[in-house]
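Under full-length UniProt numbering, the first residue of the sequence shown is numbered 1, with each subsequent residue one higher.
One structure below.
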Amino acid sequence: MKEQYKIIVLSDEVSGERIQNALDKNKCKIIVHAVDVSTIVRIENSFQYIVIWRVDAEKLTNELINKGVQSKKIINLTKYMYEWRNKLISIYQINPDLMFLYMSMKKVKSDPTYELFATGLSYPHCGISTELLSKKSIKLTLPSQDLYYDYLIASQLLSNDHSFQYCLIGIAYFSFYFDMSLSSEAYRIHKVYYPLFQDGHHTVVHSPLPTDGFSHLDSPKPLFSIFNLHFEYILLDELKDESLILPWINAEWNTTPLHIPFEEHGEMRAASHAKLLYPHTLVENKTIFKTYLELLLKNDIKPL
Numbered sequence: 001m002k003e004q005y006k007i008i009v010l011s012d013e014v015s016g017e018r019i020q021n022a023l024d025k026n027k028c029k030i031i032v033h034a035v036d037v038s039t040i041v042r043i044e045n046s047f048q049y050i051v052i053w054r055v056d057a058e059k060l061t062n063e064l065i066n067k068g069v070q071s072k073k074i075i076n077l078t079k080y081m082y083e084w085r086n087k088l089i090s091i092y093q094i095n096p097d098l099m100f101l102y103m104s105m106k107k108v109k110s111d112p113t114y115e116l117f118a119t120g121l122s123y124p125h126c127g128i129s130t131e132l133l134s135k136k137s138i139k140l141t142l143p144s145q146d147l148y149y150d151y152l153i154a155s156q157l158l159s160n161d162h163s164f165q166y167c168l169i170g171i172a173y174f175s176f177y178f179d180m181s182l183s184s185e186a187y188r189i190h191k192v193y194y195p196l197f198q199d200g201h202h203t204v205v206h207s208p209l210p211t212d213g214f215s216h217l218d219s220p221k222p223l224f225s226i227f228n229l230h231f232e233y234i235l236l237d238e239l240k241d242e243s244l245i246l247p248w249i250n251a252e253w254n255t256t257p258l259h260i261p262f263e264e265h266g267e268m269r270a271a272s273h274a275k276l277l278y279p280h281t282l283v284e285n286k287t288i289f290k291t292y293l294e295l296l297l298k299n300d301i302k303p304l
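See the structure below:
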């Protein structure tokens, strides 16, 4: 039988529940919430770890050590998360789209309570605000993402424990004629999808991007021993870091050129998309879409 730990969580009342939910209940036998150092000093001998999540975590850590608490029992989670976030940002800035999708999938694996997921291209990414939805939701959307990779993402998500009830499939008017791997957007497969899924669809990838940098984001011991897998991606939301917002959201190409009226620019984009007329792609995408729907229905998920 694996060892089960007794944990004290030192945090404010608001964050305490979030931290406790990030702890693996199969590994943690007892979890006690405390709000002051004096309480911990009285009971710490009965516990293996003290997890601190406070703005003044460094000060509290020193205070506990000065009162005789062994430093090896103290986990300054605040300090760890800021250091971990900095490592994440350094990787994110190199390839934001890859990291956005990677982070979203890790969040789902760490927290199986999401009820709705959305797939699709930039339209649903920019047009859907998960904060406004009544269901706990997550977006797995990127520019030019096609039906093939929508399905691939969904099949990976649903291969793990989940609570999904709904899937919002973001489809544009040209989606059934669009195959990213056969288009000018195929470079996205090299940058994003092949590194994540080792699947280039109709694109041959001769020199895959390395993904060994992801290992720098793995949880060290003792955190791995007591927290849910990939818990960092859930707690990252607590830090509210705007540097992790996708840069293309406000990119020049995503706005109307100053010299062209909004309606005219829309007509130009629509005319460009209307040139997508590929019968073989249409047949394949119909099959992919049917398979996607069957996957959702098999998992009792309502497609929207």
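We treat Cβ as the ideally placed atom computed from N, Cα and C, and that holds for glycine.
Computed from a prediction, not measured in an experiment: that's the story for all the values here.
Starting from the C-beta of residue i, find all residues in its chain whose C-beta is less than 8 Å away, skip the five residues before and the five after it, and write them out in chain order.
{"i": "residue 121", "result": "141, 142, 143, 144, 145, 146, 170, 172 and 175"}
{"i": "residue 179", "result": "146, 148, 201, 202, 278, 281, 284 and 285"}
{"i": "residue 165", "result": "115, 116, 135, 300, 301 and 302"}
{"i": "residue 198", "result": "208"}
{"i": "residue 167", "result": "116, 117, 118, 119, 154, 296, 301, 302, 303 and 304"}
{"i": "residue 57", "result": "76, 77, 78 and 79"}
{"i": "residue 40", "result": "8, 10, 34, 50, 64 and 69"}
Looking at the unbroken alpha helix (DSSP H) that takes in residue i, where does it start and where does it end?
{"i": "residue 296", "result": "279-298"}
{"i": "residue 118", "result": "Unbroken run through residue 118 is the beta strand (DSSP E), 116-120; no alpha helix (DSSP H)."}
{"i": "residue 223", "result": "223-226"}
{"i": "residue 87", "result": "77-92"}
{"i": "residue 49", "result": "First-last for residue 49: 49-53, but that is the beta strand (DSSP E), not the alpha helix (DSSP H)."}
{"i": "residue 102", "result": "96-110"}
{"i": "residue 237", "result": "231-239"}
{"i": "residue 57", "result": "57-66"}
{"i": "residue 41", "result": "37-43"}
Could you pull out every residue in the same chain whose Cβ sits closer than 6 Å to the Cβ of residue i, ignoring the five residues on either side in sequence?
{"i": "residue 103", "result": "233"}
{"i": "residue 112", "result": "161, 162 and 163"}
{"i": "residue 135", "result": "115 and 116"}
{"i": "residue 65", "result": "71"}
{"i": "residue 63", "result": "37"}
{"i": "residue 182", "result": "202"}
{"i": "residue 32", "result": "8"}
What residues in its chain sit with their C-beta under 7 Å from that of residue i, if we drop five residues either side in the sequence?
{"i": "residue 195", "result": "98, 208, 209 and 211"}
{"i": "residue 229", "result": "109 and 110"}
{"i": "residue 22", "result": "227, 228, 231, 234 and 235"}
{"i": "residue 6", "result": "29, 30, 46, 47 and 48"}
{"i": "residue 130", "result": "137, 138 and 139"}
{"i": "residue 101", "result": "140, 142, 192 and 196"}
How is the beta strand (DSSP E) around residue i delimited, first residue to last?
{"i": "residue 29", "result": "28-34"}
{"i": "residue 7", "result": "5-11"}
{"i": "residue 169", "result": "166-169"}
Closest to residue i by C-alpha separation, out of the options, would be which residue?
{"i": "residue 220", "options": "56, 81, 189 and 166", "result": "81"}
{"i": "residue 34", "options": "8, 53 and 15", "result": "8"}
{"i": "residue 216", "options": "83, 181 and 6", "result": "83"}
{"i": "residue 214", "options": "91, 30, 66 and 304", "result": "91"}
{"i": "residue 223", "options": "123, 86, 77 and 59", "result": "77"}
{"i": "residue 189", "options": "95, 53, 27 and 55", "result": "95"}
{"i": "residue 156", "options": "181, 218, 127 and 105", "result": "105"}
{"i": "residue 291", "options": "151, 60 and 27", "result": "151"}
{"i": "residue 15", "options": "238, 261 and 260", "result": "238"}
{"i": "residue 204", "options": "186, 27 and 132", "result": "186"}
{"i": "residue 27", "options": "298, 58, 3 and 13", "result": "3"}
{"i": "residue 24", "options": "263, 58, 225 and 287", "result": "225"}
{"i": "residue 88", "options": "218, 128, 50 and 53", "result": "218"}
{"i": "residue 53", "options": "85, 67 and 13", "result": "13"}
Buried or exposed, going by whether 16 or more other CB atoms sit within 10 Å of the CB of residue i?
{"i": "residue 17", "result": "exposed"}
{"i": "residue 37", "result": "buried"}
{"i": "residue 74", "result": "buried"}
{"i": "residue 42", "result": "exposed"}
{"i": "residue 289", "result": "buried"}
{"i": "residue 11", "result": "buried"}
{"i": "residue 124", "result": "buried"}
{"i": "residue 19", "result": "buried"}
{"i": "residue 44", "result": "buried"}
{"i": "residue 69", "result": "buried"}
{"i": "residue 61", "result": "buried"}
{"i": "residue 132", "result": "exposed"}
{"i": "residue 260", "result": "exposed"}
{"i": "residue 107", "result": "buried"}
{"i": "residue 55", "result": "exposed"}
{"i": "residue 294", "result": "exposed"}
Check: Can you give, in chain order, each stretch of the beta strand (DSSP E) that sits fully within the segment 130-161 and has at least 3 residues?
Finding: 137-141
Item checked: Contiguous alpha helix (DSSP H) assignments of at least 4 residues, all confined to the segment 192-216 -> 194-197
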